[in-house]
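Chemist:
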Amino acid sequence: PPARYWQEPQDRAIGGNKDGGRPEQQEKQRTHKAKKRKRDEQPRDGKKVISGKFDPFPGPAPVPKDKLQKFKRQDKIQKPRRQHYRLKDIITRSEEASEMAQKQAARFDLLLPEDAGFLEGDEDEDTCMISQEDIADAVDITSGAKYFNLKLSQFGPYRLDYSRTGRHLLLGGRRGHVACVDWQSKQLMCEINVMESINDVKWLHTEHMYAVAQKKWLYIYDSNGIELHCIRTFNDVLRMQFLPYHFLLATASATGFLQYLDVSVGKEVAAISTKTGRLDVMCQNPHNAVVHLGHPNGTVTLWSPNQKEALVKMLCHQGGVRSVAVDKTGTYMITSGMDKKMKVFDVRAFKPLRSYFLPAGASCLSLSQRGLLSAATGDIVQVYRDVWSTPVTKPYMAHRVRGLIWGLHFCPFEDVLGVGHGEGFTSMLVPGAGEPNFDGLDANPYRSAKQRQEWEVKALLEKIQPELITLDPTELAQVDRTTFEQRHRDRVEALGFDPLAKERFVPKFKKKGRSSAGGVERRKKQVAHEDQRVSSYFQGSRQRRPLR
Amino acid sequence: MKVKVLSRNPDDYIRETKHDIQRVPRNYDPSLHPFEVSREYTRALNATKLERVFAKPFLASLDGHRDGVNCLAKHTRSLSTLLSGSCDGEVKVWDLTKHECVRTLQAHGGFVRGMVVRYCGNSFFTIGDDKTIKQWKMEAPGYGEEEEPLNTILGKTVFTGLDHHQKKGVFATCGQQVDIWDEQRSTPIRSFTWGVDSFSSVRFNPVETELLGSCASDRSIVLYDMRESTPLKKVIMTMRTNTLCWNPMEAYCFTCANEDYNLYTYDMRHLEKPIKVHMDHVSAVLDIDYSPTGQEFVSASFDKTIRIFSKDDGHSRSVMNSLCFSFPTSHSAKRARTDLKVPASQGVYCF
């Protein structure tokens, strides 16, 4: 029987051996044994239905293929051929368990409570012409309250940071004003003036600590405004990035140093002298915790704390690089440069994908969780949708703020873009920007204090060591073939011969005249093609001997 | 225009009263959970380290013997009683809950070579270098009574090993040959020989109670059935076996502790090839005992370590080092968690 009611019934002869014979038997039974119909018409797959009817939808519900693709992990590995039965068994079982988990996760995807936001204009209306006030009027009060302006013209252009849960906002003005706010309830947590110029502000792992890069040194403050640490080894810091799963604060300084600070133990993990001059442009790749730095010669370099040289150097622009952003899956990197171009790169293959021309260049870039890109030019913010898949001709939304834009940041689980500028701070609505369904165990905007404490302890226990920061984060899960091959090569050198290589087949010389030339040749022919067969477990280490 | 901005109702995400549990919505999207491999690796590493941090196996040291302890015997009915025999002929009965010696008696003139408690738990047998087998009462003698054995049997040759039947009043000793004794008689009811002149240990099968196994000095293991008149089977190995122990859960499996640093688990029906070779010791393995669950066993070796093996693993799951030189005769108690008692040079250690 077909799997779904709209499918054509399959040819009975081709059907599986279980179901193929059944209908024929049924017909016979119906004609010949009309009395015994009820007992014999039970379906063979074990599910006994009292009424005797067949299930039109047998088996478990099918999982849509795109959802399965979303949860797909590593490909199945090539299993060892002969003799390693136990290893083969272990690998097969773990792969089965992984597939089952992927299927269950794909099924669960249906149950997610929230949907993403959207903005669609009418037939003649362009979405980029819709103003923020219109949107705020059209949506409910709570969402409308998310559009607000803070007029802070005294203390210079503002840099901002949202905490990982998206609840708390940190504002740092150039002339020393620092404020942390719970922006949804508009509750001020602390407001201080550090009496020095501020280059950058960043939340640490929770909303209880933040780092301020002041004129000379790096300071760490509590959320009540109390200065906790003044770290003198980190001087002239211009930009900072926090790697949440490694508890590392990466700082880029004006003297060309990239330094990593472990905020859980308070130790400097690495200080790399990049030798590329003033480091003003910085962003992190959330997928593999690699730091991207942009330079005035148009290159973007990728750094990890384990190496003194850059992992990768890419030439992106003809002028200097003004801003870099990487998406959350670590696939695309968007850069903007002094040559007024905005380019999209595939950061896994290091290939350029698209290039757009912006008449005035973009000074700040930010990517949202759902792939919306915001670019700031002067005092105008433009939001683009789907920059990498389809060529974009016009922005999705645009907004003009009061002063020169200094900082741009999407709020993590909300449809909100925070803009820090010369006249203060603006929070604007961008429908479709935030991830609608958060994971309660990872970053939960509605967590209580107890939940936050539990989460913090678990996160500290799972803190990843900086030695594991590589371009490919799944490198640990690969089979280590290089070490085996290296060891095999050393053994071959030490022994003088290859112990794993198969010995040449020499047919046994039979006595009493039973070994004739033709017989020997016949026996040799039986194993003639083994050389060409793909039967070896480690192909690279074996040497192919010529067939005689 | 059509617009929808993401707005969550806090009532759906925050619990109503403090007596409810917290709401935890889940999203298994892999992009929300990066670094899966590294985090899992860190978790596994932490779990292993914490397991070692919390593993504190040493429980107590039972001191009191004046000379080295030679053998141990488990009480068949009581979980908290242990008997130990020393090299000067002294036998001590210990209470494990209080870590105290309950009773001391001078059993033999020389070494106490072997001890076993009768299945009913009321008496125990000891053999000594003075060629005697003595049966003692488990209860301490009353006031004014002297410490006297219930029964003394004089043998012709020195005995090296002793074991009691699980159900009948029959016990077996080994020395120059394997003898089966009835408790009421003073001569063995049956003797088994197979061309060897010296046996080191004998064990009754706890499940198939009529079967016996013994280790001989010609590097062999000989299996006997008490109902037959001749031994059943023999397997000769490369090096001598010191002790063997039957698996209390599998009727036909036994593990032997060999001089070639390994332990071999055999199926008695197929003695050509061991089921498993357990390798981890770096010196001769002297004694082995099974846990009552039959899943694990503990082995003691001349390299001053005690290792716990799982029954189907080729390598040990944990190892314990002792500081002093020990002639280990290790036993496991009947509780679900394995309690080891190891006689060391001057005392018994509990793990």
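As given, the protein sequences belong to chains B and Z, one line each in that order.
Quick note on numbering: the UniProt record's numbering labels position 361 of the first sequence as 361, and the sequence is numbered without any gaps.
Quick note on numbering: the UniProt record's numbering labels position 180 of the second sequence as 180, and the sequence is numbered without any gaps.
Think of the CB as a built atom: it goes at the ideal place given N, C-alpha and C, for glycine as much as any other residue.
For clarity, every value in this text was computed on a predicted model and none was experimentally measured.
1) In this structure, how does DSSP classify Z/T241 when only helix, strand and coil are distinguished?
2) Cβ of Z/N321 less than 8 Å from any chain B Cβ?
3) Just by C-beta distance, which residues in the segment 7-32 of chain Z are closer than 8 Å to chain B?
4) My output table needs one value for B/E191: the three-state DSSP class, helix, strand or coil.
5) Looking at the structure shown, is B/M100 part of a helix, part of a strand, or coil, going by DSSP?
6) So if DSSP puts B/P352 in a beta bridge, which residue, or which two residues, is it bridged to?
7) Give the DSSP-derived three-state secondary structure of B/T377 in the structure shown.
8) According to DSSP, which residues form a beta bridge with B/T426?
9) Round the Cβ separation of B/S304 and B/V326 to the nearest angstrom and send it over; I've been treating them as touching at under 8 Å.
10) Measuring alpha carbon to alpha carbon, tell me which of Z/V196, Z/D197, Z/I180 ends up nearest Z/I189.
11) By Cβ distance below 8 Å, which residues in the same chain neighbour B/K267 in space, the five residues on each side in sequence not counted?
12) Give the interface partners of B/K328 over in chain Z, defined as CB-CB distance under 7 Å, in chain order.
13) Going by DSSP, what residues sit across from Z/L212 in a beta bridge?
14) Give the interface partners of B/E462 over in chain Z, defined as CB-CB distance under 7 Å, in chain order.
15) Rank B/L243, B/Y446, B/S98, B/A252 by C-alpha distance to the C-alpha of B/H168 and give the top, closest one.
16) Who are the near neighbours of Z/R219 in its chain, counting only those whose CB is closer than 8 Å to its CB and skipping five residues on each side?
17) Determine the chain B residues that contact Z/F125 at a beta-carbon separation under 7 Å, and present them in chain order.
18) So which residues on chain B does Z/K4 lean against when the C-beta distance must stay under 7 Å?
19) With 9 Å as the limit, tell me which residues of the segment 437-459 of chain B have their beta carbon closer than that to any beta carbon of chain Z; keep them in chain order.
20) Run down chain B in chain order and give the residues with a C-beta less than 9 Å from the C-beta of Z/M1.
21) Who are B/L408's beta bridge partners in DSSP?
22) Of the choices B/K510, B/L429, B/P113, whose alpha-carbon is the least far from that of B/S143?
23) Would you kindly report the start and end of the unbroken beta strand (DSSP E) that includes Z/V178?
24) Kindly list, in the order they appear in chain Z, the residues whose Cβ is closer than 7 Å to that of residue 558 of chain B.
25) Take B/A270 and list the residues in its own chain whose beta-carbon comes closer than 6 Å to its own, dropping the five residues that flank it on each side.
26) Where does the unbroken beta strand (DSSP E) through Z/A60 begin, and where does it stop?
27) List, in order along the chain, the chain Z residues whose C-beta lies closer than 8 Å to that of B/T142?
28) By DSSP's criteria, Z/R103 is part of a beta bridge. Which residues make up the other side?
29) Provide the residue span of the alpha helix (DSSP H) that contains B/W455, from first to last.
30) Below 8 Å on the Cβ atoms is my guess for Z/V277 versus Z/G314; work out the distance and round it to an integer in Å.
31) Closest to B/G361 by CA distance: which of B/V49, B/D346, B/Q318 is it?
32) Below 8 Å on the Cβ atoms is my contact criterion, and I expect Z/P206 with Z/Q166 to pass it. Report the Cβ-Cβ distance as a whole number of Å.
33) Kindly indicate which three-state DSSP category Z/H165 falls into: helix, strand or coil?
34) Taking B/Y245 as the query, report the chain Z residues whose CB atoms sit under 9 Å from its CB, ordered along the chain.
35) Measure from the C-beta of B/E414 to each C-beta in chain Z and report whether the shortest distance is under 8 Å.
36) For a contact defined as C-beta to C-beta under 7 Å, what are the partners of B/E95 on chain Z?
Modeler: In brief:
1) Within the second sequence, residue 241 of chain Z is the residue found at index 241, counting from 1. Of the three classes helix, strand and coil, the one that applies to Z/T241 here is strand, per DSSP.
2) Position 321 of the second sequence, counted from the first residue, corresponds to residue 321 of chain Z. Z/N321 does not count as touching chain B.
3) S7, R8, P10, D12, Y13, I14, Q22, R23, V24, P25, R26, N27, Y28, D29, P30, S31, L32
4) Stepping through the first sequence from its first residue, residue 191 of chain B is reached at position 191. In this structure, B/E191 counts as strand in the three-state DSSP scheme.
5) Along the first sequence, read from residue 1 onward, the residue named residue 100 of chain B stands at position 100. Correct three-state label for B/M100: helix.
6) Position 352 of the first sequence holds residue 352 of chain B. B/F345, per the DSSP bridge assignment.
7) Counting from one through the first sequence, the residue named residue 377 of chain B turns up at place 377. Three-state DSSP puts B/T377 in a strand.
8) Position 426 of the first sequence holds residue 426 of chain B. B/N149, B/V419.
9) The residue given as residue 304 of chain B occupies position 304 in the first sequence. The residue given as residue 326 of chain B occupies position 326 in the first sequence. No, B/S304 and B/V326 are not in contact; Cβ-Cβ is about 14 Å, not under 8 Å.
10) Within the second sequence, residue 189 of chain Z is the residue found at index 189, counting from 1. Here the closest residue by C-alpha is Z/I180.
11) Taking the first residue of the first sequence as 1, we reach residue 267 of chain B at position 267. L261, listed in sequence order.
12) Here residue 328 of chain B corresponds to residue number 328 of the first sequence, with the count starting at 1. What B/K328 touches in chain Z: S31.
13) Reading the second sequence from its first residue, position 212 is the one you call residue 212 of chain Z. BP columns for Z/L212 point to Z/F204, Z/Y224.
14) As a working note, residue 462 of chain B is residue 462 in the first sequence. Under the 7 Å cutoff, chain Z gives R39, T42, R43.
15) Counted from its first residue, the first sequence places residue 168 of chain B at position 168. Of the candidates B/L243, B/Y446, B/S98, B/A252, the one whose C-alpha sits nearest the C-alpha of B/H168 is B/Y446.
16) The residue given as residue 219 of chain Z occupies position 219 in the second sequence. Here Z/R219 has I236, M237, T238, M239, R240, T241 as same chain residues with Cβ atoms under 8 Å from its own Cβ, once five neighbours each way along the sequence are excluded.
17) In the second sequence, counting from the first residue as 1, residue 125 of chain Z sits at position 125. Under the 7 Å cutoff, chain B gives no residues; its nearest Cβ is about 44 Å from Z/F125.
18) Taking the first residue of the second sequence as position 1, residue 4 of chain Z is located at position 4. Simply G117, F118, P431.
19) N437, F438, D439, G440, L441, D442, A443, N444, P445, Y446, R447, S448, K450, Q451
20) By one-based count along the second sequence, residue 1 of chain Z stands at place 1. Per Cβ cutoff of 9 Å: L119, E120, G121, D122, E125, T127, I130, D134, I135, A138.
21) One-based indexing of the first sequence puts residue 408 of chain B at position 408. DSSP lists B/V419 as partners of B/L408.
22) By one-based count along the first sequence, residue 143 of chain B stands at place 143. Of the candidates B/K510, B/L429, B/P113, the one whose C-alpha sits nearest the C-alpha of B/S143 is B/L429.
23) Against the second sequence, residue 178 of chain Z aligns to sequence position 178. First-last of the beta strand (DSSP E) with Z/V178: 178-182.
24) Only positions 1 to 548 of chain B appear in the structure, and residue 558 of chain B is not among them; the question remains open.
25) Taking the first residue of the first sequence as 1, we reach residue 270 of chain B at position 270. Once the five neighbours on either side are set aside, the close Cβ partners of B/A270 are Y260, P305.
26) Here residue 60 of chain Z refers to the residue found at position 60 of the second sequence. Going by DSSP, Z/A60 is part of the beta strand (DSSP E) stretching over 60-63.
27) Position 142 of the first sequence holds residue 142 of chain B. Contact note: B/T142 reaches chain Z through S7, using a C-beta cutoff of 8 Å and chain order.
28) Counting from 1 along the second sequence, the entry for residue 103 of chain Z is found at position 103. Its beta-bridge partners are Z/V93.
29) To locate residue 455 of chain B, count along the first sequence from 1; it is residue 455. Element bounds for B/W455: 449-461.
30) Taking the second sequence and counting its residues from 1, one reaches residue 277 of chain Z at position 277. Taking the second sequence and counting its residues from 1, one reaches residue 314 of chain Z at position 314. Right, the Cβ-Cβ distance comes to about 6 Å (below 8 Å), so this counts as a contact.
31) Along the first sequence, read from residue 1 onward, the residue named residue 361 of chain B stands at position 361. Looking at the Cα atoms, B/Q318 is the closest of the given residues.
32) The residue labelled residue 206 of chain Z in the question sits at position 206 within the second sequence. The residue labelled residue 166 of chain Z in the question sits at position 166 within the second sequence. Indeed, because the Cβ distance is near 6 Å, the residues count as touching under 8 Å.
33) Reading the second sequence from its first residue, position 165 is the one you call residue 165 of chain Z. If DSSP states are grouped into helix, strand and coil, Z/H165 belongs with coil.
34) Here the question's residue 245 of chain B lines up with position 245 in the first sequence. What B/Y245 touches in chain Z: P34, F35, S38, R39.
35) Here residue 414 of chain B is taken as the residue at index 414 of the first sequence, counted from 1. At least one chain Z Cβ lies under 8 Å of B/E414.
36) In the first sequence, the residue the question calls residue 95 of chain B occupies position 95. Neighbours of B/E95 on chain Z: none; closest Cβ ~15 Å, over 7 Å.
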